[in-house]
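Worksheet: one structure, shown below.
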Amino acid sequence: MTDQDLAHPTSSPYEGDASWLQNELAEAHKTIRTLLRQVSKEQARHAETARAYNLTVANLVEATRENNALARERDMLKARAEGIRTPLTIGQGTLELTPAEVSAIRKAMARLHHPDAGGDVERMKAWNAALDPLER
């Protein structure tokens, strides 16, 4: 054989074995189908994982929203229980008083202005009228 014959062979070693090539092609197709099924299963798993993740995030967002609403309601009720300061306007100034402070003012004014203690009836009525809206 010459170098030219080696460079350009006229016949393939598998030329007569077409059934072997068909068999190899069938095996390659079988492998491709198997790989495509595996890819499809992995894509389905990924889609399920993504769906579960999105559902979890949505649930966490909703739980956070509900938690914030409950925290606001708790803070409001706690402030009410502790005695929210009620604004009292006297002339140009405004005082913010708790119910306990309003009660203390009422008792002090009663000691000074109650008719049984020698005070003025009209002045006691005026104090009561000013303090009544501040008590809940």
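In this note's numbering, each number is its position in the sequence shown, counted from 1, plus 3.
Every residue gets a Cβ at the ideal spot worked out from N, C-alpha and C, and that includes glycine.
These numbers come from a predicted model, not from an experiment.
Taking a C-beta distance under 9 Å as the contact criterion, I108 and L73 do not qualify as a contact pair.
In terms of Cβ geometry, P102 and L80 do not form a close pair [threshold 9 Å]. W130 is the residue among T97, E51, W130 and E30 whose C-alpha sits nearest the C-alpha of A111. Between the C-alpha atoms of E76 and E69 there is a straight-line separation of about 11 Å.
In the structure shown, T34 adopts helical secondary structure according to DSSP, grouped into three states. Between the alpha carbons of H117 and A132 lies a gap of roughly 14 Å.
Under DSSP, T59 forms no beta bridge with any residue. Counted as a single uninterrupted DSSP element, the alpha helix (DSSP H) harbouring L115 occupies residues P102 to H116.
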